[in-house]
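Inspection log for the structure reproduced underneath, given as structure tokens.
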Ligand code: G6P
Ligand code: MG
């Protein structure tokens, strides 16, 4: 029996992947690295610090940056990102999300946000989704980021449900891996060729067949 659905935020509830990419592109450019959409795919679902490491590695300059310099670059990225999402409103919520939340509420199924983003609470609030959400995982509370299962397991334990009673919804390869590692059913949002490990893949939240949940 399904008792909770744990949603990733970026690229699932709203389109922030473009803003994350734009902010990283600017920071990467500052340090002489040019990143394309293939690199961006590997950044999805990955923490800010890990994302920077992927970019530095891609540019072949990982060993040139100290911890302090990396912290500064992460800070820069986040300041720019926050600017890019500062105008978010309920209009930024993907089609089908509110309908899905209402459906789950009606069935007594809990809703959590399992995102690696420290900006998730601010976005949920800006998009007026707070009334639907039972729990938002603080990525600072877990040891390992995605693809480790920690974020999804934390959501399940906070909601008092077993992993086998949860569905995870993700748009990132690392996220789908995390859901599967947590022992949950994985709904992928995006391209089935990319999200090979998901149990089922839909093009968007609006396309999810609600009957598969409950
Ligand atoms: C999500 C996004 C990633 C981002 C991460 C951390 O998982 O998909 O692109 O790096 O959150 O986000 P933050 O807002 O804390 O930098
Ligand atoms: Mg995502």
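Numbering (our numbering), first residue to last: 1 to 214.
Heads up, the beta-carbon is just placed ideally off N, CA and C, and yes, glycines get one too.
Check	Outcome
Range of the contiguous alpha helix (DSSP H) that encloses residue 179	173-181
Heavy atom of the ligand MG within 6 Å of residue 116 beta-carbon	no
Proximity test, residue 44 beta-carbon vs the ligand MG heavy atom, cut-off 6 Å	yes
Proximity to residue 91 [Cα-Cα], best of 147, 40, 56 and 15	15
Reduced DSSP category for residue 11 - H, G, I as helix; E, B as strand; rest coil	coil
Nearest-angstrom Cα separation, counted from residue 137 out to residue 214	24 Å
Assumed close pair residue 117, residue 195 - CB separation to whole angstroms, cut-off 8 Å	Between residue 195 and residue 117 the Cβ distance is about 19 Å, and since that is not below 8 Å, they are no contact.
Run of the alpha helix (DSSP H) containing residue 103, from where it starts to where it stops	97-106
As assigned by DSSP and simplified to three states, the class of residue 122	helix
C-alpha distance - residue 111 paired with residue 84, whole-angstrom precision	27 Å
Check: residue 144 C-beta below 6 Å from any heavy atom of the ligand G6P	no
Nonlocal neighbours in the same chain, by C-beta distance under 7 Å from residue 74, ignoring five residues either side	48, 49 and 52
Selected residue, minimal CA-CA separation from residue 204, among 3, 129 and 13	13
Local Cβ density within 10 Å of residue 35, reported as buried at 16 or more and exposed below that	buried
Terminal residues of the alpha helix (DSSP H) in which residue 34 lies	Segment: none, residue 34 is in no alpha helix (DSSP H) and carries neither H nor E.
Residue 10 CB to nearest heavy atom of the ligand MG below 6 Å	yes
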